[in-house]
Amino acid sequence: MITARAGLRLVQHRIAALRRAVLTEVEDLNRLIYHILRGGVIVSVAFLLFGFILAGVTGHPLPDKSIPPRLLGAELIGFTPAGYLNLGVLVRSETARTS
Amino acid sequence: MVEVLLLLAVAAFLAGLAGSYLGIGGGIFLIPFMTLALQIDIKVAIATSLIGVIATSSGAASVYVRDHLTNLRLAMFLEVATTLGAIAGAVVGILVPNVYLFLTFGVVVLYAAASMVRVAETAKDRAYRGGDEERPLVKRLNLSSVYFDQEDQGVYRYRVERPGAGFGVSAAAGVFSGLLGVGGGFIKVPAMNILMRVPMKAAVATSNFMIGVTAAASAFIYYSQGLVNPQLAAMVIVGAFTGTNLGTRLLVRSKAANVRFLFSIFLAGLGIAMAARALGLFGGVL
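In order, the protein sequence lines correspond to chains L and E.
The opening residue of the first sequence carries number 1 in the numbering used here; numbering runs sequentially from there.
The opening residue of the second sequence carries number 100 in the numbering used here; numbering runs sequentially from there.
What follows is the structure in structure tokens.
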């Protein structure tokens, strides 16, 4: 019984500590901006690499013009290199605006 | 085409390295390289360069913001001026002949270069000057800040001075940004460092954060008009991302005096190039 109560207290402490950590993290604007910018870089580079891999595998030509955002959905569903390269570029530029 | 992409990735790497170390976007290097060496259309080059500026800025700013080198309040304050300046840039570009603009900025940039070499920045310079009364605007907006310098493991509280003058010069940086499609960091860094007395590393980090925001607004317009070449942009993003990783590591470990010296050399070269363009020499390299 004592062990169960100690266990419950330990879980409560952990949850409280996690909550404090999350609140501190969110309150710290610098860390929030860091996560947005860093996340944007990683996601963008991942989409770009995926686009190049798709071009290599499927033999589709690489695009030389940007696709308007409203037409991007069809390209992404069709798994074209143009769609993923454009998405990578868009994520990159939009991340800077969001921050 | 593969050779062009590889050359562009290398150029973007170098632009990202220099940009993250000096607080500039790197567009000032990338645009001439793309148009002169790679024979890329000027509009496509500007659009691709803007993506490069964003990549350099975001890559570097993420590290500087995390390390509390960036003064976010100051960045937001000056960004208002830069954005207004960028809008005015289009009007100024129509009304005032470029020759006067380039000549004026050439002289200003050369003066800034000379000032940065002449006045050394020591730890004492960076320290809080407690005797002076803080300007009301600085106090109200809480622009003064504190940062940790790895150079000497010191924590420095600094006071921002001459906010009005800094605001005006940032607007001028925006004008140039709008005219040339560059970030304008080459004006913002000396303005913050010389005029507003912001320590060099904090000025570089704050400028890096600002130029990405300015460039992102213009880049979306170019993107919507189909002027961004995703192949070129992808290589610029990958190259700049790698370059900024190295540049940010170099800056935090460097001596502020060395950063200032390198920046002043860059400014002197740029000032001569601007003056040369104004006087019609070398066919305009900018």
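No residue lacks a Cβ here, since even glycine has one placed at the ideal position from N, Cα and C.
Quick caveat: nothing in here was measured; it's all calculated off a predicted structure.
Contact holds between the segment 76 to 89 of chain L and the segment 47 to 57 of chain L, because three or more Cβ pairs, one in each stretch, are under 8 Å apart. For I130(E), the closest of L107(E), R256(E) and Q324(E) by C-alpha to C-alpha distance is L107(E). Contacts with chain E at 8 Å (Cβ-Cβ) do not include I53(L). Among the bridge pairs identified by DSSP, D64(L) is matched with none. Within 7 Å of the CB of T95(L), the CB atoms of chain E belong to S157, in sequence order along the chain.
With a threshold of 8 Å between beta carbons, L171(E) makes contact with chain L.
Taking all protein chains shown into account, K142(E) has fewer than 16 neighbouring C-beta atoms within 10 Å of its C-beta and is therefore exposed. Between I310(E) and V152(E), the beta carbon gap of about 6 Å places them in contact (Cβ cut-off 8 Å). Closer than 8 Å to the CB of G325(E) there is at least one CB belonging to chain L. In this structure the segment 318 to 329 of chain E does not touch the segment 290 to 299 of chain E; the number of beta carbon pairs closer than 8 Å is below three. In the structure shown, the three-state DSSP call for G265(E) is helix. One Cα belongs to V312(E), the other to D140(E), and the distance between them is close to 25 Å.
Using beta-carbon distances, V43(L) does not count as an interface residue toward chain E, since no partner is under 8 Å. For S317(E) and G7(L), the gap between their C-alpha atoms comes out near 56 Å. Around G342(E), the same chain offers F112, G115 and L116 as residues with beta carbons nearer than 6 Å, after the five sequence neighbours per side are excluded. Inter-residue distance for A374(E) and P262(E) is about 28 Å (C-alpha atoms, whole angstroms). The beta carbon of V245(E) sits closer than 6 Å to the beta carbons of R256 from its chain, once the five residues preceding and following it are set aside; these are given in chain order. By a beta-carbon distance limit of 8 Å, L369(E) contacts I127(E). Their separation comes to about 7 Å. Look at I77(L): its C-beta is not under 8 Å from any C-beta on chain E.
DSSP places G126(E) inside the alpha helix (DSSP H), whose first and last residues are G126 to P131. Within a 10 Å sphere around the beta-carbon of P61(L) sit fewer than 16 other beta-carbons, which makes this residue exposed. Beta-bridge annotation (DSSP): F247(E) is paired with V254(E). In the DSSP annotation of this structure, the continuous segment of the alpha helix (DSSP H) that includes I77(L) starts and ends at P69 to I77. Here A159(E) is near G346(E), since their CB atoms are less than 8 Å apart. A direct Cα-to-Cα measurement between I123(E) and V303(E) gives close to 8 Å. Within the same chain, and ignoring the five residues on either side of I67(L) in sequence, the residues whose Cβ sits closer than 8 Å to its Cβ are E75, A82, G83 and N86. In the three-state DSSP reduction, N328(E) falls in the coil class, being neither helix nor strand. Counting the other CB atoms within 10 Å of its CB gives G205(E) a total of 16 or more, which places it among the buried residues.
In the displayed model, R234(E) falls within coil according to three-state DSSP, outside both helix and strand. Here the alpha carbon of Y199(E) sits roughly 53 Å from the alpha carbon of T58(L).
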